[in-house]
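Written below as structure tokens is the structure these notes are about.
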Amino acid sequence: MPTGIFDMEEYPLVSCVIISYNRPKLAIESIESALNQDYPNMEVILVNDCSVESYDELERKYEGRVRFLRTEKNSGGCSVPRNTGADAANGKYIAFLDDDDIWLPEKTKRQVEVLEKYDDVVACSCGHRETVSGLEKLPGEGVLQLSDILMSNKIGPPSKLMIRAGLADRMGFDPELRHAEDWDYYLRVLSDGKIFVIPEVLLMYNTSHHQRMTNGFSKMSFEEMDKKLYATRKNRELIGEFNFEMRRVHYYLTGLKARQHKLRHMLAVMHRTSPLAVMRYLYFRAKGEF
Numbered sequence: 000m001p002t003g004i005f006d007m008e009e010y011p012l013v014s015c016v017i018i019s020y021n022r023p024k025l026a027i028e029s030i031e032s033a034l035n036q037d038y039p040n041m042e043v044i045l046v047n048d049c050s051v052e053s054y055d056e057l058e059r060k061y062e063g064r065v066r067f068l069r070t071e072k073n074s075g076g077c078s079v080p081r082n083t084g085a086d087a088a089n090g091k092y093i094a095f096l097d098d099d100d101i102w103l104p105e106k107t108k109r110q111v112e113v114l115e116k117y118d119d120v121v122a123c124s125c126g127h128r129e130t131v132s133g134l135e136k137l138p139g140e141g142v143l144q145l146s147d148i149l150m151s152n153k154i155g156p157p158s159k160l161m162i163r164a165g166l167a168d169r170m171g172f173d174p175e176l177r178h179a180e181d182w183d184y185y186l187r188v189l190s191d192g193k194i195f196v197i198p199e200v201l202l203m204y205n206t207s208h209h210q211r212m213t214n215g216f217s218k219m220s221f222e223e224m225d226k227k228l229y230a231t232r233k234n235r236e237l238i239g240e241f242n243f244e245m246r247r248v249h250y251y252l253t254g255l256k257a258r259q260h261k262l263r264h265m266l267a268v269m270h271r272t273s274p275l276a277v278m279r280y281l282y283f284r285a286k287g288e289f
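Under numbering that gives the first Met the number 0, think of the first position of the sequence shown as 0, with each following residue one higher.
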């Protein structure tokens, strides 16, 4: 039986929104982690982003315990299925979960306790453990404000986040974004209020895709990398020119170690931005900003 600050009848409904594409078998662990939360009042929604692979067996397995939705066409990103799930949610709070991530049992309860306690907090995040390296990312306890994430995404994946449903309905993930849609979302959330961070590992974050992404960047031209900067350009006025330039350099240098001509690429980045911008970026990277 869960323990916490509420009596049983006072536990507000939490909606877990899982998004999935062509990975029904992988989604089982994420579904199980949501169903096995140490919290008595939850609904679990899985949004299938118009997968080619069948989810029929998964739907039969969890009939009556998970609500399955399917988008009309594949969106090619995470924004549309997350918004689809949030629109269908009935909970006071909404928590997102990717189909390759796993919640620890106490995550929901701990985050609800925070949101019920602090009226000025609009969302709650937590620490995580990376599945590949085993590295734990434990942020300090406290609140994040807009100024804290203007340069980089200090929150991490949406699987860490629980948000008040009313705000989720108003915000929504930008369906035009295929990259950094989570950072763009957090900027808008923090424009409305504070995000409280619980300094505990409450999520197992699957990082197996990181190396593929890094290798992908190492093969991109500057023009191709500039297309990935859409979210940064969209928020240029909000984040300011300095943070815009730091994010630009970050994208250009992602995958540097995997490039065949590292020095040549570094010099090209300096020419495209400036030597000072690159030096500043390396300073902030050494401080853990990126």
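Ideal Cβ positions, reconstructed from N, Cα and C, are used throughout, including at glycine.
Given the structure is predicted, the values throughout are model-derived calculations rather than measurements.
Going by other Cβ atoms of all chains shown within 10 Å of its Cβ, with 16 needed for buried, is residue 221 buried or exposed? Exposed, because fewer than 16 other Cβ atoms sit within 10 Å of the Cβ of residue 221.
Q. Buried or exposed: residue 230, going by 16 or more other Cβ atoms within 10 Å of its Cβ?
A. Buried: at least 16 other Cβ atoms inside 10 Å.
Item to complete: Just confirm the distance between the C-beta atoms of residue 162 and residue 117, as a whole number of angstroms; I'd bet it's less than 8 Å.
Response: Going by Cβ atoms, the distance from residue 162 to residue 117 rounds to 13 Å, so no, they are not a contact pair.
Checklist entry - So, is residue 29 buried or exposed, given that buried needs 16 or more other C-beta atoms within 10 angstroms? => result Looking at its Cβ environment, which holds 16 or more other Cβ atoms inside 10 Å, residue 29 is buried.
C-alpha gap between residue 265 and residue 255, whole angstroms: For residue 265 and residue 255, the distance between alpha carbons rounds to 8 Å.
Checklist entry - Where residue 275 and residue 233 are concerned, what is the direct C-alpha to C-alpha distance, given to the nearest angstrom? => result Those two C-alpha atoms are separated by around 24 Å.
- prompt: With which residues is residue 260 paired in a DSSP beta bridge?
  reply: Looking at the DSSP assignment, residue 260 forms no beta bridge with any residue, so it has no partner.
query = Hey, how far is the Cα of residue 291 from the Cα of residue 198?
reply = The first residue shown for the chain is 0 and the last is 289, placing residue 291 beyond what the model contains.
_Within a Cβ cutoff of 7 Å, which residues of the same chain sit near residue 55, ignoring the five residues on either side of it in sequence?_
The answer is none, since no qualifying residue turns up.
Checklist entry - Would residue 20 be called buried (16 or more neighbouring beta carbons within 10 Å of its own) or exposed? => result Counting Cβ neighbours within 10 Å, residue 20 comes out buried, since at least 16 surround it.
Residues of its chain near residue 113, where Cβ-Cβ distance is below 8 Å and the 5 sequence neighbours each way are ignored
Listed in chain order, the non-local C-beta contacts of residue 113 below 8 Å within the same chain comprise 120, 123, 195, 197, local neighbours out to five positions each way being set aside.
Strictly by DSSP, which residues pair up with residue 241? Residue 241 is bridged by DSSP to nothing; it lacks a bridge partner.
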